[in-house]
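Residue numbers (my numbering): 5 to 289.
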């Protein structure tokens, strides 16, 4: 579905993407994680033809993104991190306008819009102005708009940023449903629990380089499935172990002057911090 080979992109003297190679298979929900400034959004911009890289090869559905940008656009939809909706239109009018841009015939246009409104859960809000919609509804409208031309690959760049917990969970349900219906999803996110809950595989990028790749469980297994958190001299120390017995034994062996806070299962954020030295959302250096 997606093949990236030795991708490089430079902004002046800054190398935002540094020799990235990656393949994403059909039917995956693939999570792309990294600190702010690591190269995630730049990568998505290259994949969606918005930015031309310095060098490298990118193919979607076997079509070369660099040499055939117009041909490749019919294969994917994209939902940008920032909202880009006309606030003066209703939800239906917004989809109508973009369906015309895609040159859908009237009968196809009406059927497609009605189906998409039902699919993303917007039918009852069809005549509501975008300006009066909640953040979660706006994001659903963006997704419906991205699906108008029937792509099988969807890029979601921070799709739940700024949403409340309930809206985020509802959007997760929609993403799972789309994937079950055959959609391949390429997702960037700052929410570790989002990646753990949704993604078949995760790639972690730092300073433009891919530094880890695998399922959330595989990445946790490499680090250790259990974590012992210990307070030492005013700061938290983390130790990782393959099994609970070893982790518990280690916790019990800590000196009396230290305070063991918890023995718990490790998570994807532990992997992220150990690899990058920063928490998700922090700036790269």
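Ideal Cβ placement from N, Cα and C applies to all residues, glycine included.
Original post:
Helix, strand or coil: which one does DSSP assign to residue 288?
Top reply: On the chain shown, residue 288 is found 284 positions in, with the first residue counted as 1. Its pLDDT being 49, under 50, residue 288 is placed unreliably in this model, and the coordinates cannot settle the point.
Original post:
What is the rounded straight-line gap between the Cα of residue 47 and the Cα of residue 259?
Top reply: Position 43 of the chain shown holds residue 47. Position 255 of the chain shown holds residue 259. Cα to Cα, the separation comes out at about 47 Å.
Original post:
Is it true that the segment 269-276 meets the segment 217-237, where meeting means three or more beta-carbon pairs spaced less than 8 Å apart?
Top reply: yes
Original post:
residue 38 and residue 44: beta carbons closer than 8 Å?
Top reply: Locating residue 38 in the chain shown gives position 34, counting from the first residue. Locating residue 44 in the chain shown gives position 40, counting from the first residue. Closer than 8 Å, so yes.
Original post:
Okay, do the segment 194-207 and the segment 159-177 touch, 3+ Cβ pairs below 8 Å being the bar?
Top reply: yes
**OP:** Mind reading off the beta-carbon distance from residue 91 to residue 134? Whole number of angstroms is fine, and I expect it under 8 Å.
**Re:** In the chain shown, residue 91 corresponds to position 87, counting from 1. In the chain shown, residue 134 corresponds to position 130, counting from 1. Indeed, because the Cβ distance is near 5 Å, the residues count as touching under 8 Å.
Subject >> C-alpha gap between residue 22 and residue 212, whole angstroms >> reply: As a first step, residue 22 must be located in the chain shown, where it is residue number 18. As a first step, residue 212 must be located in the chain shown, where it is residue number 208. Distance between the alpha carbons of residue 22 and residue 212 is about 5 Å.
Subject >> Nearest-angstrom Cα separation, counted from residue 155 out to residue 11 >> reply: Taking the first residue of the chain shown as 1, we reach residue 11 at position 7. Taking the first residue of the chain shown as 1, we reach residue 155 at position 151. Spanning the two alpha carbons is a distance of roughly 24 Å.
**OP:** With DSSP as the reference, label residue 61 as helix, strand or coil.
**Re:** In the chain shown, the residue the question calls residue 61 occupies position 57. Residue state, collapsed to three classes: strand.
Original post:
Taking three-plus beta-carbon pairs below 8 Å as touching, is the segment 127-141 in contact with the segment 76-94?
Top reply: yes
Original post:
First and last residue of the alpha helix (DSSP H) that includes residue 213?
Top reply: Working through the chain shown from its first residue, we reach residue 213 at position 209. Looking at the DSSP string, residue 213 is not in any alpha helix (DSSP H); the run it does join, the beta strand (DSSP E), is 213-218.
**OP:** With distances taken Cα to Cα, identify the nearest neighbour of residue 251 among 262, 263, 233 and 240.
**Re:** Against the chain shown, residue 251 aligns to sequence position 247. With distances taken between Cα atoms, residue 251 lies closest to 233.
Original post:
Between residue 158 and residue 150, which are expected to be in contact by the criterion C-beta below 8 Å, what is the C-beta distance as a whole number of angstroms?
Top reply: In the chain shown, counting from the first residue as 1, residue 158 sits at position 154. In the chain shown, counting from the first residue as 1, residue 150 sits at position 146. Their Cβ separation, rounded to whole angstroms, is 6 Å, which keeps residue 158 and residue 150 in contact under 8 Å.
**OP:** Enumerate, from N- to C-terminal direction, the unbroken alpha helix (DSSP H) stretches of 4 or more residues contained entirely within the segment 92-166.
**Re:** 95-105, 110-123 and 139-150
**OP:** Grab the span of the beta strand (DSSP E) containing residue 268 for me, first residue to last.
**Re:** In the chain shown, residue 268 corresponds to position 264, counting from 1. From DSSP, the beta strand (DSSP E) with residue 268 extends over 263-269.
Original post:
Closest by CA to residue 199, which one among 210, 220 and 215?
Top reply: In the chain shown, counting from the first residue as 1, residue 199 sits at position 195. That would be 220, whose Cα lies nearest to the Cα of residue 199.
Original post:
How is residue 173 classed by DSSP in three states: helix, strand or coil?
Top reply: In the chain shown, residue 173 corresponds to position 169, counting from 1. In the structure shown, residue 173 sits in a helix (DSSP, three-state: H, G or I).
**OP:** Answer with yes or no whether the minimum CB distance from residue 252 to chain D is below 8 Å.
**Re:** Absence of chain D from the displayed structure is noted, only one protein chain being present.
Original post:
So the beta strand (DSSP E) residue 205 belongs to, where does it begin and stop?
Top reply: Within the chain shown, numbered from 1, the residue matching residue 205 stands at position 201. It spans 205-210 - the beta strand (DSSP E) in which residue 205 sits, taken as one unbroken run.
Original post:
What are the complete beta strand (DSSP E) segments, minimum 3 residues, inside the segment 12-37?
Top reply: 18-28 and 33-37
Original post:
Going straight from the alpha carbon of residue 32 to that of residue 182, what length do you get?
Top reply: Walking along the chain shown from the start, residue 32 turns up at place 28. Walking along the chain shown from the start, residue 182 turns up at place 178. One C-alpha to the other measures close to 11 Å.
**OP:** State the DSSP-derived secondary structure class of residue 86, mapped to helix, strand or coil.
**Re:** Counted from its first residue, the chain shown places residue 86 at position 82. Reduced to three states, the DSSP call for residue 86 is coil.
Original post:
Does the Cβ of residue 30 have 16 or more other Cβ atoms within 10 Å, making it buried, or fewer, making it exposed?
Top reply: Start at 1 with the first residue of the chain shown, and residue 30 comes out as number 26. The residue is exposed, with fewer than 16 neighbouring Cβ atoms inside 10 Å.
Subject >> Three-state class that DSSP yields for residue 239 in the structure shown >> reply: Position 235 of the chain shown, counted from the start, is the residue given in the question as residue 239. The answer is strand: DSSP assigns residue 239 an E or B state.
Original post:
Any idea if residue 289 is buried or exposed, counting beta-carbon neighbours within 10 angstroms, 16 or more meaning buried?
Top reply: On the chain shown, position 285 is the one that residue 289 refers to. Only weak support exists for where residue 289 lies, its pLDDT of 43 falling under 50; the value from the coordinates is given anyway. It counts as exposed.
**OP:** Determine, using beta carbons only, whether residue 83 and residue 175 come nearer to each other than 8 Å.
**Re:** Working through the chain shown from its first residue, we reach residue 83 at position 79. Working through the chain shown from its first residue, we reach residue 175 at position 171. No, the pair does not count as a contact, with Cβ atoms beyond the cut-off.
Subject >> Element boundaries [alpha helix (DSSP H), containing residue 69] >> reply: What you label residue 69 is simply residue 65 of the chain shown in a count that begins at 1. Careful: residue 69 lies outside any alpha helix (DSSP H) and carries neither H nor E.
Original post:
In the structure shown, what three-state DSSP assignment does residue 274 receive?
Top reply: Within the chain shown, residue 274 is the residue found at index 270, counting from 1. The answer is helix: DSSP assigns residue 274 an H, G or I state.
Original post:
Near residue 278, which residues of its chain fall below 7 Å by C-beta distance, leaving aside the five closest residues on each side in sequence?
Top reply: By 1-based counting over the chain shown, the position of residue 278 is 274. Hits under 7 Å: 227.
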